[in-house]
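Okay, so the sequence shown: first residue is 91 according to our numbering, each after it adds one.
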Amino acid sequence: MKNIKNIMLAVFAIGLLFTTNSCINDFLDIQSKNLQTEKTLFKTYDNFLTYSWGLYASSFESMNEFCRRDDYTPWLNNNMSTNGNVWAYQRVTESTGNNQWHFDHIRRCNIMLDNVEQSQMSQSDKEHWQSVGLFFRAFNYFRLLSFYGAVPWAEHTVTEEDEDIVYGPRDSRDVIAANILRDLQYAESHIKPDGDGLNTINVHVVRALISRFGLFEGTWRKYHGLDDANIYLNACIDASEKLMQSFTELHDNYDELFNTQDLTGMKGVILFRQYAQNVLTHDAQRNLSRASGGSYELSKEMVERYLCSDGKPISTSPLYNGDKTPFDEFRNRDYRLLFTVLPPSRVYKPGTATSLEWRFLTTQDEIKIGANPSRPVTKEDSVIFREYIDILTKISKPEQKSLPMTAWNNTLATSYTPRFRSFPEGIAPSSGRHGYWYWKYYDTNPPMQSSNSQDMPIFRIEETMLNYAEAKFELGQFTQDVADRTINKIRDRVNVANMNVSEIDETFDLNRDQTVPPILWEIRRERMVELFGENFLFNDVRRWKKGEYYNTRPKGMWVKNADYNNTLKIEGFATVEESRDKEGYVVYLDEPKGWLDHYYLFPIPLNDLVKNPQLDQNPGYATPSAE
Numbered sequence: 091m092k093n094i095k096n097i098m099l100a101v102f103a104i105g106l107l108f109t110t111n112s113c114i115n116d117f118l119d120i121q122s123k124n125l126q127t128e129k130t131l132f133k134t135y136d137n138f139l140t141y142s143w144g145l146y147a148s149s150f151e152s153m154n155e156f157c158r159r160d161d162y163t164p165w166l167n168n169n170m171s172t173n174g175n176v177w178a179y180q181r182v183t184e185s186t187g188n189n190q191w192h193f194d195h196i197r198r199c200n201i202m203l204d205n206v207e208q209s210q211m212s213q214s215d216k217e218h219w220q221s222v223g224l225f226f227r228a229f230n231y232f233r234l235l236s237f238y239g240a241v242p243w244a245e246h247t248v249t250e251e252d253e254d255i256v257y258g259p260r261d262s263r264d265v266i267a268a269n270i271l272r273d274l275q276y277a278e279s280h281i282k283p284d285g286d287g288l289n290t291i292n293v294h295v296v297r298a299l300i301s302r303f304g305l306f307e308g309t310w311r312k313y314h315g316l317d318d319a320n321i322y323l324n325a326c327i328d329a330s331e332k333l334m335q336s337f338t339e340l341h342d343n344y345d346e347l348f349n350t351q352d353l354t355g356m357k358g359v360i361l362f363r364q365y366a367q368n369v370l371t372h373d374a375q376r377n378l379s380r381a382s383g384g385s386y387e388l389s390k391e392m393v394e395r396y397l398c399s400d401g402k403p404i405s406t407s408p409l410y411n412g413d414k415t416p417f418d419e420f421r422n423r424d425y426r427l428l429f430t431v432l433p434p435s436r437v438y439k440p441g442t443a444t445s446l447e448w449r450f451l452t453t454q455d456e457i458k459i460g461a462n463p464s465r466p467v468t469k470e471d472s473v474i475f476r477e478y479i480d481i482l483t484k485i486s487k488p489e490q491k492s493l494p495m496t497a498w499n500n501t502l503a504t505s506y507t508p509r510f511r512s513f514p515e516g517i518a519p520s521s522g523r524h525g526y527w528y529w530k531y532y533d534t535n536p537p538m539q540s541s542n543s544q545d546m547p548i549f550r551i552e553e554t555m556l557n558y559a560e561a562k563f564e565l566g567q568f569t570q571d572v573a574d575r576t577i578n579k580i581r582d583r584v585n586v587a588n589m590n591v592s593e594i595d596e597t598f599d600l601n602r603d604q605t606v607p608p609i610l611w612e613i614r615r616e617r618m619v620e621l622f623g624e625n626f627l628f629n630d631v632r633r634w635k636k637g638e639y640y641n642t643r644p645k646g647m648w649v650k651n652a653d654y655n656n657t658l659k660i661e662g663f664a665t666v667e668e669s670r671d672k673e674g675y676v677v678y679l680d681e682p683k684g685w686l687d688h689y690y691l692f693p694i695p696l697n698d699l700v701k702n703p704q705l706d707q708n709p710g711y712a713t714p715s716a717e
């Protein structure tokens with residue numbers, strides 16, 4: 091709580107102190123040379139500590155962005171949109187606004203870095219704050235590098251006199267990447283091991299970023315045909331090994347990592363963003379799952395990535411029951427599927443629309459499924475309808491994942507799932523287009539709507555372990571021992587059998603991408619399901635150079651259209667009318683236009699190209715027209 095208040099106050103104060111009077115070119119947010127408050131502000135250790143809270147607040151994304159950013163991927167869809175994913179449907183434009191092309195975070199870091207030496211601190215304290223500043227600068231330059239490749243590098247605070255930077259060209263990707271790694275390696279060697287107390291930048295956080303950046307840049311270079319991939323892959327491995335030695339235990343409940351009010355002391359959490367009621371909140375649940383405005387759901391392709399409990403994919407596992415009913419499809423699967431996609435259930439709700447009252451269905455009841463006439467509940471029905479209610483009772487806590495689902499105001503959202511928006515439920519919570527409702531960030535702690543307070547993990551050891559496993563494979567060093575130290579430790583807590591490397595051959599998954607080696611496919615699969623919805627997968631697809639994954643039309647559950655009064659469109663049929671009385675996979679969006687090769691990098695905003703003629707546009711995008 092104290093840290094949160096400090097952050098909020100610091101952000102306000104710093105905003106007053108460092109508001110610029112004017113800018114020649116806003117692409118670097120130039121610091122006015124006439125502002126003289128720095129010399130008096132940066133003197134003591136506490137001065138730097140107070141300033142740093144603003145870097146925490148401005149650098150890390152909010153929970154709202156963090157937990158739904160994977161809608162940039164082909165596998166998380168906004169079912170309120172009829173336009174589809176901007177990348178798959180070729181709706182990316184050369185923005186005239188900032189988009190991600192902004193350098194205010196870099197300026198803030200450089201202000202601090204430029205004032206370390208003139209302070210009154212000891213040498214070790216100077217080195218510590220130099221390390222903190224370098225961490226944040228590297229973190230923000232990594233974000234720019236991932237989107238744009240080459241960008242202008244600012245080693246110091248930019249002033250009106252720095253025309254070579256203000257009006258200069260971009261520095262190469264090689265320069266930017268090398269500088270990021272240089273800064274992080276200095277920080278690793280000079281930062282105080284424990285940072286400035288609980289949940290602050292320390293040596294573990296620095297290593298977590300090295301691990302993340304090293305894997306990204308190393309694989310980007312490998313798959314995009316650039317040199318020096320091994321430098322970054324080895325940096326990832328070195329930092330990851332040190333972290334894995336320090337964080338030897340994982341938290342035993344996957345769901346609690348994302349639906350806990352306070353992550354303090356949770357095993358494997360390296361750094362997290364804090365929230366608290368009446369102090370700092372977010373509205374992730376309202377935007378994602380518990381209100382009528384919630385609109386996100388997975389595609390069937392992503393659901394199929396989750397293994398069966400025997401550690402085999404659905405294409406070869408004898409435990410897979412098929413997908414002709416949702417109850418069958420979710421059975422004997424990785425628990426992370428149940429924690430990410432709303433499982434099927436059906437109960438009796440005798441009360442009003444705002445009631446929490448419900449009971450299990452019995453053979454004394456009648457049910458109505460879809461548009462079918464009512465029929466008596468069978469004994470088999472009474473068992474199946476409560477199957478996942480009972481499973482969640484065993485693997486989750488009542489205040490977290492529980493069925494039946496409740497709405498934002500803590501009333502019973504529905505007596506049954508899945509639900510389809512076209513028939514006739516409207517936009518009530520959990521009603522989607524494809525049937526795979528996204529509820530990873532769901533718990534039952536009121537109040538909801540716009541005042542959620544679950545903490546958000548920024549770095550956790552599971553990501554580091556997966557970084558390590560992938561980097562090891564890319565360097566030809568992946569063994570059973572590596573699998574046991576990484577993937578199998580992760581699986582032990584989600585009801586999935588261990589990976590046996592010797593069993594993974596060309597026939598292990600009949601549905602895999604045939605251009606990816608079988609073991610690497612399984613490593614990537616593990617990463618996708620473990621980190622889904624945590625703002626990784628879009629960058630993963632780009633660094634793997636797998637834009638073709640966007641060329642597949644998203645589809646949903648297998649349905650009998652007659653059960654839904656023939657209101658759904660079925661794959662293979664052009665219209666809802668042609669889908670009448672058919673059964674198959676439900677579809678909503680049209681066939682995608684497909685990924686374009688230049689999408690691997692973002693376009694530089696046109697207004698910045700106009701201001702600085704030496705900036706060159708990324709290939710494939712428009713440049714300002716001459717007037």
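C-beta: ideal position from N, C-alpha, C; glycine also.
query: Hey, out of 556, 699, 693, whose CA is closest to residue 184's CA?
result: That would be 693, whose Cα lies nearest to the Cα of residue 184.
query: Going by Cα to Cα distance, which pick from 485, 512, 520 is closest to residue 502?
result: 520
query: Can you name the start and end residues of the beta strand (DSSP E) that residue 596 belongs to?
result: Here residue 596 belongs to no beta strand (DSSP E), and DSSP marks it neither H nor E.
field: residue 400 in three-state terms, based on DSSP
entry: coil
message: Quick check: the Cα distance between residue 351 and residue 463, rounded to an integer number of angstroms?
response: 44 Å
- request: Evaluate contact between the region 318–329 and the region 300–310, counting only Cβ atoms and requiring at least three cross-stretch pairs below 8 Å.
  value: yes
message: Is it the case that the region 142–162 contacts the region 221–240, given that we only count it when at least three CB pairs across the two stretches are under 8 Å?
response: Taking 8 Å as the limit for Cβ pairs, the verdict is that the region 142–162 does touch the region 221–240.
Distance between residue 160 and residue 182 (C-alpha atoms, nearest Å): 16 Å
Endpoints, the alpha helix (DSSP H) within which residue 613 is located: 608–621
Whole-number beta carbon distance between residue 653 and residue 522, since they are thought to touch under 8 Å: Wrong, their Cβ atoms sit about 16 Å apart, outside the cutoff.
field: From 567, 320, 146, 590, residue whose alpha carbon lies closest to that of residue 195
entry: 146
query: At what residues does the beta strand (DSSP E) containing residue 547 begin and finish?
result: 546–550
message: Quick check on this structure: which residue in 426, 213, 491, 200 has the alpha carbon closest to the alpha carbon of residue 393?
response: 426
query: Would you call residue 91 buried or exposed, if buried means 16 or more other Cβ atoms sit within 10 Å of its Cβ?
result: Here the model assigns residue 91 a pLDDT of 41, short of 50, so the residue's position is not dependable and the matter cannot be decided.
- request: To the nearest angstrom, report how far apart residue 452 and residue 482 are at their CA atoms.
  value: 20 Å
task: For residue 333, I'd like the list of residues in its chain whose CB is within less than 8 Å of its CB, leaving aside the five on either flank, ordered along the chain.
output: Hits under 8 Å: 294, 297, 298, 301, 360, 551, 554.
query: Taking DSSP as the reference, what is the three-state secondary structure of residue 245?
result: Looking at residue 245 - three-state DSSP - the assignment turns out to be coil, as it is neither helix nor strand.
task: Rounded to whole angstroms, what's the CA-CA distance from residue 563 to residue 132? Just pull it up for me.
output: About 46 Å.
- prompt: residue 227 to residue 635, Cα distance in whole Å?
  reply: 26 Å
task: Please determine if the region 392–406 and the region 577–590 are in contact, where contact requires at least 3 C-beta pairs separated by less than 8 Å.
output: yes
task: Pick out the complete beta strand (DSSP E) segments inside the region 684–713, 3 residues or longer, and give them in chain order.
output: none
- prompt: According to DSSP, which residues form a beta bridge with residue 336?
  reply: Its beta-bridge partners do not exist; DSSP assigns none.
query: Do you know whose CA, among 250, 646, 438, 533, lies nearest residue 527's CA?
result: Of the candidates 250, 646, 438, 533, the residue whose Cα lies closest to the Cα of residue 527 is 646.
Member of 703, 617, 541, 673 whose CA lies at the smallest distance from the CA of residue 154: 541
- prompt: Three-state secondary structure (DSSP) at residue 458?
  reply: coil
query: Do residue 577 and residue 616 have their C-beta atoms closer together than 7 Å?
result: Yes, Cβ-Cβ distance for residue 577 and residue 616 is below 7 Å.
Reduced DSSP secondary structure (H/G/I, E/B, other) of residue 675: strand
message: For the pair the region 275–285 and the region 592–604, tell me if three or more CB-CB distances fall below 8 Å.
response: no
message: Quick check: the Cα distance between residue 565 and residue 449, rounded to an integer number of angstroms?
response: 55 Å
task: Keeping to the same chain, check which residues put their C-beta closer than 7 Å to that of residue 407; ignore five residues upstream and five downstream.
output: 398, 400
message: Let's test the definition: count the other Cβ atoms within 10 Å of the Cβ of residue 100 and tell me whether it reaches 16, buried, or not, exposed.
response: Here the model assigns residue 100 a pLDDT of 38, short of 50, so the residue's position is not dependable, and the following value carries that caveat. Looking at its Cβ environment, which holds 16 or more other Cβ atoms inside 10 Å, residue 100 is buried.
query: Going by beta carbon distance, what residues of the same chain come within less than 6 Å of residue 259, once the five residues before and after it are set aside?
result: Taken in chain order, the residues that qualify are 704.
- prompt: Between residue 340 and residue 358, which are expected to be in contact by the criterion C-beta below 8 Å, what is the C-beta distance as a whole number of angstroms?
  reply: Contact check for residue 340 and residue 358: beta-carbon distance about 5 Å, within the 8 Å limit, so the pair qualifies.
message: Can you look up residue 223 in the DSSP assignment and give me helix, strand or coil?
response: helix
- prompt: Does the pairing of the region 251–258 with the region 199–206 give three or more beta-carbon distances under 8 Å?
  reply: no
field: Bridge partners - residue 373, DSSP secondary structure assignment
entry: According to DSSP, residue 373 bridges with nothing at all.
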